[in-house]
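A short write-up of the structure that comes next.
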Amino acid sequence: MKTYHEKTGELIENPNLEEGFTYPGQRYIGTERVVLEGTVELYPPDGLGYDKPVYEDCLWYHEYTEDELAAQHPPDDPKPSDMEERLKAVEDKLQAAKILLGVE
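Numbering (this note's numbering), first residue to last: 137 to 240.
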């Protein structure tokens, strides 16, 4: 099955799946003339008919944006969450209270 770039429509031989992904779809390739049965004799030479759109099954390639790539690879040293910061503050206050009370 052929793979096309979703924005430019150009054919891609080997899409880099580390920098993007593919998804199934269809691509318009032209029209086909369909002649209605029995109309050639009544309306020579071509008869009556209509143009039928023709599509091919293909894969579309979506290239990741900078934001999508960043979301896939979180930073190595994550910031502490709000809950961790609040817990640390409560522990500090508890330690200070122990010192004031002479427990420790």
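C-beta: ideal position from N, C-alpha, C; glycine also.
Status (buried if at least 16 other CB within 10 Å, exposed otherwise) for residue i
i, result
"residue 191", "exposed"
"residue 197", "buried"
Simplified DSSP state of residue i, which is helix, strand or coil
i, result
"residue 175", "helix"
"residue 236", "helix"
"residue 229", "helix"
"residue 183", "coil"
"residue 168", "strand"
"residue 147", "strand"
"residue 188", "strand"
Anticipated Cβ contact below 8 Å, residue i with residue j, distance rounded
i, j, result
"residue 200", "residue 156", "5 Å"
"residue 181", "residue 167", "No, residue 181 and residue 167 are not in contact; Cβ-Cβ is about 20 Å, not under 8 Å."
"residue 195", "residue 158", "4 Å"
7 Å CB neighbourhood of residue i in its chain, flanking five on each side removed
i, result
"residue 165", "190, 191 and 192"
"residue 169", "185 and 187"
"residue 227", "none"
"residue 141", "148 and 197"
Sequence-distant residues of its chain with Cβ nearer than 6 Å to residue i (five each side left out)
i, result
"residue 233", "none"
Contact set for residue i: own chain, Cβ-Cβ below 8 Å, skip 5 residues either direction
i, result
"residue 162", "191, 192, 193 and 194"
Query raised in the report: Could you give the uninterrupted runs of the beta strand (DSSP E) lying entirely in the segment 192-227, keeping only those of 3 residues or more?
Result: none
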